[in-house]
Amino acid sequence: MKAQQLKETIDFLKSKGITSPEIGIVLGTGLGKLVNEISIEKEISYSEIPNFPEATVEFHSGKLIYGELSGKKVVVMSGRFHLYEGYNAWEVTYGIRTMHGLGIKNLLISNAAGAINLDYKKGDLMLIEDHINLQGSSPLAFNGANNFGNIFADMLEPYSKEINIKLNLIAQEQKIQLHKGVYTSVLGPQLETRAEYRMLQILETDAVGMSTVPEVIVAKQLNLPCAAISVLTDECDPENLQPVDIAEIIAIAGEAEPNMITLFKEVIKVL
Ligand code: HPA
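Here you go:
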């Protein structure tokens, strides 16, 4: 059933000309401008793609974009699906399986996240080196998941060391500050309490957000090398908690976006 669904989606996209993407990209909240750098060959709304979930959060535009970036063919998800929107973990990761089926060899992910490590500031970038899944679900926990690969996927290296080394080098060359750390995923959509932020500090996580981890787990099942960068949009200091509004998070993501775009554009050249 699911395999058939996915095949229909992939066949449709191939018939529309998305034939040979090398790299898949997921753009997070407030991080859509990378699209302006792509010489676009095809742009398809999620709503037009058979079996694709539809984006509900209005600031996610919900389009699949195919074209050339830094001399490589890329397919970009502009707008992702979150568990907090009510999608299940299969739906949240449907785009990853789709891009893999289209033939991508590497996956680059971005997200907006809160800084738990208080040495990290609003507007900074963090390369994810490892994660903690606190979402209470797995995208590999469904009947038939083993048809898509090993469900007991090991998590020794969920984030490709090879790509991360490249990203670190590029950050140095480009004089972009790139922190490193552990990302913890929570369900949301509400933000965390002070007690939860204290708990996350005890867990020695560096950033917290509501996405990415399911996508990375699926990439791991598919043996698809991936890297992910968080744009830190707020400082989660339990002793000095400030009201956050989502508009501010989006605005701060937008300010940090040019550096993230540079990192992605440069790393694509060397993938
Ligand atoms: N918590 C969870 N998700 C987030 C945050 C946060 O503080 N900031 C951006 N995404």
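With the numbering used here applied, the sequence shown corresponds to residues 5 to 275, in that order.
All C-beta atoms in this analysis are idealised placements derived from N, C-alpha and C, irrespective of residue type, glycine included.
Euclidean distance between Cα positions of Ile-169 and Ala-251: In this model, Ile-169 and Ala-251 are separated by some 33 Å (Cα to Cα).
Inter-stretch contact (C-beta, 8 Å, three-pair minimum) for the segment 107-123 and the segment 211-219: yes
Every unbroken beta strand (DSSP E) within the segment 209-260, with a cutoff of 3 residues, ordered by chain: 211-213 and 230-239
DSSP three-state assignment for Ile-113, whether helix, strand or coil: strand
Touching by the beta-carbon criterion (3+ pairs, under 8 Å), the segment 220-239 and the segment 196-203: no
Nearest candidate by alpha-carbon position, reference Tyr-98, set Gly-32, Leu-17, Leu-10 and Gly-127: If we check each option's Cα against that of Tyr-98, Leu-10 comes out closest.
Length of the line joining the Cα atoms of Asn-147 and Val-222: Near 15 Å, if we compare the C-alpha coordinates of Val-222 and Asn-147.
N- and C-terminal bounds of the alpha helix (DSSP H) containing His-104: 98-106
Every unbroken beta strand (DSSP E) inside the segment 113-172 [3 residues or more]: 129-137
Any non-hydrogen atom of ligand 1 closer than 6 Å to Val-212 Cβ: yes
Any non-hydrogen atom of ligand 1 closer than 6 Å to Ile-132 Cβ: no
Cut-off 7 Å between Cβ atoms - residues of its own chain near Ile-174, not counting five sequence neighbours on either side: Leu-267, Glu-270 and Val-271
Option in Phe-85, Ile-27, Leu-122 and Ser-74 with minimal Cα separation from Gly-66: Phe-85
Option in Cys-230, Gln-178 and Leu-182 with minimal Cα separation from Lys-165: Cys-230
Beta carbon of Asp-39 nearer than 7 Å to that of Ile-69: The amino acid occupying residue 39 in the given sequence is Val; Asp does not appear at that position. Val-39 is a Cβ neighbour of Ile-69, given a cutoff of 7 Å.
Alpha-carbon spacing of Lys-224 relative to Tyr-124, whole angstroms: Straight-line Cα distance between these residues: approximately 28 Å.
At least three beta-carbon pairs within less than 8 Å, the segment 73-85 to the segment 117-131: no
Distance between beta carbons of Pro-143 and Tyr-91, contact taken as under 8 Å: So it is not a contact: roughly 11 Å between Cβ atoms.
Residues near Ser-49 in its chain [Cβ-Cβ closer than 7 Å; skip 5 each side]: Gly-66 and Lys-67
Bridge-paired residues (DSSP) for His-183: Met-130
Proximity test, Asp-238 beta-carbon vs ligand 1 heavy atom, cut-off 6 Å: Yes, Cβ of Asp-238 sits closer than 6 Å to a heavy atom of ligand 1.
Coil, strand or helix - Val-79 by DSSP: strand
Inter-residue Cα distance where the pair is Gly-1 and Glu-72: Lying before the first or after the last residue shown, residue 1 is absent from the chain, which here runs from 5 to 275.
7 Å Cβ cutoff met for Ser-234 and Tyr-187: yes
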